Each structure stands twice: as structure tokens, then as C-alpha cells.
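Visitor:
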Amino acid sequence: MTASHQGTCLCGSIEVSFNGEPKRNFICYCSDCRKGSGHLGQFISEYNSSDVIVTDKDSKLKEYVVTKTKSGFPKKKQFCGECGSTVLTLPMKHNGEVAMVRPSLLDTKFASFAPNKAIFGDARTEYTKGSESEFY
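Counting from 1304, one number per residue, gives the positions in the sequence shown under my numbering.
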């Protein structure tokens, strides 16, 4: 049986569903994720784009294309134009076939998406240098 997870952006204008389980769950500490989230990094789950459904009844979904990336390929950041919540990112390195979704949008079952990997950890280390905290 395929699991289905639903969530919304902060204002509720955009609904997102992820079908099945993600390929991987991770935290990304790259500068794009740091700036886009307003935090140290972002919690991301990787899915096939065909397993992600975005419902935008009021046409609030906006897109920003990040062109300066470490991979050299642009990535499309999709977000709510009303509340600013990032909904997903489409890395064009994968021709739009991979969707990086934000499980933080889920209202339930959030804990089942616990990250098991961190990427761009060097940026996190720079930020937390000298801290006694146990960051991932």
C-alpha cells in the first residue's frame, strides 16, 4: 500500500501531497537553503516529480530560478506568493523529474521524515563553530 502525506503552506493557499515514501530525507546547509529558509538550512525529502501533487486553487504558486548553483544547473524554487513558504525545488540537473519537497509543510506524520543525511555540512560547521550543540 502506498502512503500518502498531505500538507499546506503557512497560509493554506497551496496544498501538497507526496505519494509513497521518499528516496531520501536530508538537511541541506547550502547558502541557497539557508537564505531561502531564513535558518541554518532546510529539511528536504526527495521524490520523483510524478509522486508529488501541488494544488494551487488561488494561483498563489510562484517560481524563482536559482542560476548560480554548485552543480552548474539551475533549480526552480516554487513557493507561495502569499506567505512565502517554500513548497518544493526542482533541480534542472534532473530535467524536472526529481522534486525536493519540504516535509515541514506536513501537519501530521512529520517525525516519519526524520533526516538521515546532511549535505553541504561545511557551511553548517562554519556557522556553528565553537558551539557545544549536537547539530546533525
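We treat Cβ as the ideally placed atom computed from N, Cα and C, and that holds for glycine.
Here the structure is a predicted model, which is why all the values come from computation and not from measurement.
Tell me which residue opens and which closes the alpha helix (DSSP H) that Ser1334 is part of.
Guide: Ser1334 to Ser1340
Visitor: Among residues of its own chain, excluding the 5 on either side of Pro1377, which ones have a beta-carbon nearer than 7 Å to its beta-carbon?
Guide: Val1368, Val1369, Thr1370 and Met1395
Visitor: I need the DSSP call for Phe1321, collapsed to helix, strand or coil.
Guide: strand
Visitor: Bridge partners of Leu1393, per DSSP?
Guide: Lys1379
Visitor: What does DSSP give as the partner residues of Arg1327 in its beta bridges?
Guide: Glu1349
Visitor: Expressed to the nearest angstrom, what Euclidean distance is found between the alpha-carbon atoms of Arg1405 and Ile1330?
Guide: 10 Å
Visitor: DSSP beta-bridge partners for Lys1365?
Guide: Beta-bridge pairing links Lys1365 to Phe1382.
Visitor: Flag this pair as yes or no: are the beta carbons of Val1401 and Ser1352 separated by less than 8 Å?
Guide: yes
Visitor: When we look at the beta-carbon of Gly1375 and count the other beta-carbons within 10 Å, is it buried (16 or more) or exposed?
Guide: exposed
Visitor: Helix, strand or coil for Ala1414, going by three-state DSSP, please let me know.
Guide: helix
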